[in-house]
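Asks:
In the UniProt record's numbering, the protein residues as written are 1 to 144.
(1) Where does residue 9 fall in DSSP's three states?
(2) Taking all protein chains shown into account, do 16 or more other C-beta atoms lie within 10 angstroms of the C-beta of residue 136, making it buried, or fewer, making it exposed?
(3) To which residues does DSSP link residue 94 through a beta bridge?
(4) Can the beta-carbon of residue 108 be found less than 7 angstroms from the beta-carbon of residue 87?
(5) Report the residue from 80, 124, 97 and 134 whose alpha carbon sits nearest the alpha carbon of residue 140.
(6) Are the Cβ atoms of residue 91 and residue 138 separated by less than 7 angstroms?
(7) Kindly identify the DSSP beta-bridge partner or partners of residue 115.
(8) Contact defined as beta carbons within less than 8 angstroms: I believe residue 37 pairs with residue 116. What is the distance between those atoms, to the nearest angstrom?
(9) Start and end of the alpha helix (DSSP H) containing residue 83?
(10) Less than 7 angstroms between C-beta atoms, sequence neighbours within five positions excluded: which residues of the same chain meet that for residue 22?
(11) Could you say which of 99, 51, 39 and 46 lies nearest to residue 3 if we only look at CA atoms?
(12) With DSSP run on the structure shown, which of helix, strand or coil describes residue 69?
(13) For a quick check, are the C-beta atoms of residue 134 and residue 93 less than 7 angstroms apart?
(14) Terminal residues of the continuous alpha helix (DSSP H) containing residue 35?
(15) At which residues does the beta strand (DSSP E) containing residue 136 begin and terminate?
Okay, here's the thing in structure tokens:
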């Protein structure tokens with residue numbers, strides 16, 4: 001697989017800024033969660049989603065040992081070491097030590113990322129050390 005143009009990924013992701021937070025949604029300007037943001041960027045950069053996303057509960061990341069997000073991303077994206085991930089990469093965060101990765105963001109610069117966050121919606125913010133150390137996996141969007 002060839003990676004998509006990272007500039008195109010960032011432009012597509014930034015178009016979602018200000019979208020309100022809404023569980024399991026993926027509609028630019030209307031509502032999305034972190035996975036919905038990634039799905040929307042996929043549709044714009046790559047094309048139709050390759051498989052339906054099953055419903056998930058708010059606490060899904062606290063149950064079970066499987067890295068569900070990483071497994072799904074591996075099926076359709078290009079995995080890279082987190083330390084090598086640059087702007088345009090999709091990153092998966094562990095929100096608690098030893099928990100599975102359950103939060104998704106898109107790097108927009110060497111020290112910034114964009115994500116959908118509860119109560120805040122889609123925002124771009126600094127990739128602080130606190131966020132950086134939570135990155136568990138990184139993937140590149142494939143070219144169409």
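Cβ atoms here follow ideal geometry from the backbone N, Cα and C, with glycine treated the same way.
Replies: In this structure, then:
(1) helix
(2) buried
(3) 101
(4) yes
(5) 80
(6) Yes, these two residues count as a Cβ contact at 7 angstroms.
(7) In the DSSP secondary-structure assignment, residue 115 is bridged to 123.
(8) Contact flag correct, Cβ pair sits at about 5 angstroms.
(9) That residue, residue 83, is in no alpha helix (DSSP H); it is neither H nor E in DSSP.
(10) Cβ within range, chain order: 31, 32 and 33.
(11) 46
(12) helix
(13) yes
(14) 34 to 45
(15) Start and end: 135 to 140.
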